[in-house]
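Note that UniProt numbering gives residue 604 to position 604 of the sequence shown, counting from 1, and the numbers run on in steps of one. From the three backbone atoms N, C-alpha and C, an ideal C-beta is built for every residue, glycine too. The structure under discussion appears below in the form of structure tokens.
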Amino acid sequence: MIGGGNNKSISLTLIITFLLLIGIPLLIIVGLVWRYSISETTENINNQNMNLARSLSGQIEGYFETAEQTANNIENHLNHNQSLADNISYLNSILENNNRLKSVLITDNTGKVRVEAPYNLGMSGLFKRLPVFNDDQVYYWTNSYISHRDQELTAEVVKDFSEGYIFLEIDLTRLNQYIDGITDKHDLFIFDRDGVALAGTIAEPIRQQENFYRFDFIQSALNGEEVVTRENSPIHHDIHLISSTNLDRLGWAVAVFMPADEAYGLINQISQIMLIGIIMTIILGLLVGWRNLNYITKPLKDLTEETEKIANGNREINSIKDGYLEVNQLSESFKTMIEEIRENELELKEKQEELHASYEQLEALNEETTAMNEELEASYDQINSQVEQLEKIIDLTVNLKVAEGIDENKFLEDLLDTAIQIVPEADYGSIVKYYQDHAEFVYSIGHDYNILKDLKIDKEIFELESKDEITVINHIYDTTIPYLKARDREKFITATRPIKETMIFDLYIDGEKMIGLSLDIKEDSNKYFDRNSEKSMQAFQNLASAFYSMQYYSKLQSEFQRDILSAMLSLLSIHDEYTESHSQHVAELSSQIASELGLSNKQIKETYWAGLVHDIGKTLIPDQILNKQSGLDPDEYEVIKNHPRWGYEALRTSSRLEEIARYVLYHHEREDGKGYPVGLSGDEIPIVSKILNVADAWDAMTSKRSYRDPLPYEEAKDELVENSGSQFSEEVVEVFLKLYEKNKFL
């Protein structure tokens, strides 16, 4: 046999190809058409049944509309005739001509019965309970009830008129006859507001006064919704198509029931036709495919036999004529190829010996090249790994340049994440933060941090023999778990995974133990921490040390800056007795608003500092203007308006205060552009300056000044709301009001 490896039948391959390219797509298309047809047909059937329910509902509404028209006629008669005898005669004639009515009562406005028909009801002089009409309600329909006189199902319609009320009792038992007259193909039922079956084409539920309110299609219809559902009928106890709608006049529901087989008969017919079509298409495709496959595979089989002869050394091949043109051409090509093979065999044989000698030489060179490639690949992998490790460490190092703005926990998480990636032996890891008398887990990988974060462990348990050195400990749990408190031991064991070896360091800054970072190898691992791992760990210890050192010195620098600004404020307080406390209040309120707005930590700090020094320019305003007891004249007010610019000029000389100086410059700008000193508006004003504007105005209004008493909080709040969008930022005022409601600054 020629060839090896994959010996798939060409017939099978062509059949599979036919199925993949034609059969399966055809089935998918037919299936989609089938599904679309069924979906469209189902929707049409549902719409038809809903239209039927609406039509029957309208006809049933007519049954009760007659009673309302009768009430109108009675009202017209009563308005023109006050004779009791005539009224009784008139009402009796109405009952004789309308068998749907059982009785008629006329009451005064207190509910006392004045006229009754039939006269022998025995209601004269009694009182009827009066319904409560809505403002736009003309008729009031009661729910169904069993009449105490004839024990039959009854409902009442009530109409008020100038002299009192008209009560008409409706005989609901005649609804069954009416329903039989308007439908003979489907089962129809009427349900009152409590879901009780009042009338229908099947007597049993009516006779038993069965309640169907628990069914969704009844509740939906009673709530004014139209519903078409296919479910098990509570009346027929098999699958039905149920269409339900609301009787607007009475607040009752109508439901039409159709057997599912009858309703979806057309869908079943479509399904059968489509299924037969699919089967016939598959059979026809297989027959046509089989004929063509045979016409292809027979010549190919003959050609295969000829090639086997060639493989056995026979260089004679017969032509094949009984096939497609392409197969015959393939046969002729084989003959031409055999002739060329004959000519080339001799030439190839001569060169074979030369190639054999060259092959041995090349094989030796190949072995040498392979060894060099393997060595280069190993070196490349090592270099690539070192580059990746270096990049991760560089990322952490770059972050140290802005250590003041980095969240401590975020840095520690990044530190542990990077350490786990760089130290290949590590499977788990954790970081603890040391406090005065205990330690807390701030992050972990592999262990259950959700449990660990709630533990407060005595810091002495984690004490290492060598401070500031990398320590490797075998089975670290042996030296920790026995010393844990009973309440913490079980949680600690549950949260941590078994560990074989741990590499750990504690970080000290100025003799104070700050954090501890540990990397763990799992219990069943065959790895160990080596010298390279300890070097990497030392790098992470140095990074952590640099981070905390920079934070420490940044804190010192901020405190120094605060002292300078506080000194400037103290100088201003000598000049203006209200400024120091006012500046502190504005700073605190402004930073709360900035935090609520979601500004960054850096912006929140800048907002606080800007609040402290926003009035620093007032040191240049003369005392007689700044502390004047009465109102300012125009020239004096122009002097006051210079204080934002003077404060800006004083602060911007420091590069670290340049941004704060800009916020101070614009803190009296308005949203509508009518502020000072520049006249900015809207988005031209920095958000921090907008915050200062609101906080400054609030504290000024609610603080006592030499020339006026403070405003009440509610009055000051109303001022901010009234000027929101013109003087103040709407966004900032909205956040201020949230804080005000929470009493966060009162």
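Q | Opening and closing residue of the beta strand (DSSP E) in which K500 lies | A | Note, K500: beta strand (DSSP E), I499 to I509.
Q) For K433, which of Q584, E68 and Y443 has the nearest alpha-carbon? A) Distance from the Cα of K433 is smallest, within the candidate group Q584, E68 and Y443, for Y443.
Q) DSSP three-state call for F189: helix, strand or coil? A) The DSSP-derived three-state label of F189 is strand.
Q: Can you give me the Cβ contacts of L91 inside the same chain, cut-off strictly under 6 Å, excluding the 5 residues immediately before and after it?
A: If the five residues before and after L91 are omitted, its C-beta is found closer than 6 Å to the C-beta atoms of V104 and A117, all from its own chain and listed in chain order.
**Q.** Simplified DSSP assignment, three categories, for E156
**A.** Here E156 carries a strand assignment [DSSP, helix/strand/coil].
Q | the region 693-711 in contact with the region 646-663 per 3-pair CB rule at 8 Å | A | No: the two stretches stay apart, fewer than three of their Cβ pairs being nearer than 8 Å.
Q) Cα separation between E596 and D633? A) E596 and D633 have their C-alpha atoms spaced approximately 39 Å apart.
Q: Tell me where the beta strand (DSSP E) around D520 begins and ends.
A: Start and end: E512 to K522.
Q.
Would V472 and M514 be called neighbours here (beta carbons separated by less than 7 Å)?
A. Contact flag unset, no.
Q. With C-beta atoms as the reference, is K467 less than 7 Å away from H438?
A. With a cutoff of 7 Å on beta-carbon distance, K467 and H438 are scored as not near each other.
**Q.** Distance between beta carbons of V678 and E669, contact taken as under 8 Å
**A.** In this structure, E669 and V678 form a Cβ contact; the two beta carbons are roughly 7 Å apart against a cut-off of 8 Å.
**Q.** Cβ neighbours of residue 755 in the same chain (closer than 7 Å, five flanking residues each side left out)
**A.** This structure does not reach residue 755, given that the chain is present from 1 up to 746, and the question cannot be answered.
Q) To the nearest angstrom, how far is it from the Cα of G675 to the Cα of I457? A) Straight-line Cα distance between these residues: approximately 57 Å.
Q | Through-space distance from T173 to L95, alpha-carbon basis | A | Straight-line Cα distance between these residues: approximately 16 Å.
Q. Closest to G516 by CA distance: which of M274, S430, K410 and A371 is it?
A. The candidate whose alpha carbon is nearest that of G516 is S430.
Q | Same chain only: Cβ atoms within 8 Å of V735, ignoring 5 sequence neighbours per side | A | I593, E596 and L597.
Q: Tell whether a beta-carbon distance below 7 Å holds between H240 and F257.
A: It is a contact, given that the beta carbons lie within the stated cut-off.
Q.
Can you list, in chain order, the residues of its chain with a C-beta nearer than 8 Å to that of N49? Leave out the 5 residues immediately preceding and following it.
A. So the qualifying residues of the chain are V228, L241, S243, V256, M258 and A263.
Q. Is the region 60-73 touching the region 156-166 in the sense that three or more CB pairs, one from each, lie closer than 8 Å?
A. The answer is yes - the region 60-73 touches the region 156-166, with three or more Cβ pairs under 8 Å.
Q) Nearest to I278 by CA position, among L739, P25, Q177 and T66, is which residue? A) Of the listed residues, the one whose Cα sits closest to I278 is P25.
(Q) Let's see if you can read the secondary structure: which residues bound the beta strand (DSSP E) around Y666? (A) Element bounds for Y666: n/a, residue is neither H nor E.
Q: Could you give the DSSP three-state label for F64: helix, strand or coil?
A: Under the three-state reduction of DSSP, F64 is assigned to helix.
Q: Report the three-state DSSP secondary structure of I235 (helix, strand or coil).
A: In the three-state scheme derived from DSSP, where H, G and I count as helix and E and B as strand, I235 is classed as coil.
Q.
In the DSSP assignment, the alpha helix (DSSP H) including V132 goes from what residue to what residue?
A. Where V132 is concerned, there is no enclosing alpha helix (DSSP H), given that its DSSP letter is neither H nor E.
Q: Use the C-beta contact count for I106: other C-beta atoms within 10 angstroms, 16 or more gives buried, fewer gives exposed.
A: That one is buried.
Q) Terminal residues of the continuous alpha helix (DSSP H) containing D216? A) Taken as a continuous stretch (DSSP letters only), the alpha helix (DSSP H) holding D216 covers D216 to L222.
(Q) Can you give me the C-alpha to C-alpha distance between Y380 and T370, rounded to a whole angstrom? (A) The predicted model places Y380 with a pLDDT of 47, which falls under 50 and marks its position as unreliable; any figure quoted below should be read in that light. Each residue's Cα considered, the two are about 15 Å apart.
Q: Would you kindly report the start and end of the unbroken alpha helix (DSSP H) that includes E736?
A: Here the sequence assigns Phe to residue 736, which means Glu is not the residue at that position. Looking at the DSSP string, the run of the alpha helix (DSSP H) that includes F736 is E730 to E741.
Q.
Taking only three categories from DSSP, how would you classify N526?
A. N526: coil per DSSP, three-state reduction.
Q.
Rounded to whole angstroms, what is the Cα-Cα separation between Y165 and G111?
A. Using only the alpha carbons, I get a separation of about 7 Å.
Q. Mind checking whether I182 and Q272 have CB atoms under 7 Å apart?
A. With contacts defined by Cβ atoms closer than 7 Å, I182 and Q272 do not form a contacting pair.
Q: Would you give the residue range spanned by the beta strand (DSSP E) that P644 belongs to?
A: Not the beta strand (DSSP E): P644 falls in the alpha helix (DSSP H), residues H643 to L651.
Q | Span of the alpha helix (DSSP H), counted from its first residue to its last, around N723 | A | Counting along the chain, no alpha helix (DSSP H) covers N723, and no H or E run does either.
Q: Under the assumption that V115 contacts I88 (Cβ atoms under 8 Å), give the Cβ distance between them as a whole number of angstroms.
A: Between I88 and V115 the Cβ distance is about 6 Å, and since that is below 8 Å, they are a contact.
Q) Any idea which residues DSSP pairs H240 with across the strands? A) Residue pairing for H240: DSSP places it in a beta bridge opposite E231 and P259.
Q. Grouping DSSP H, G and I as helix and E and B as strand, with all else coil, what is K484?
A. First, the residue type needs correcting, since residue 484 is Leu and not Lys in the sequence shown. Reduced to three states, the DSSP call for L484 is coil.
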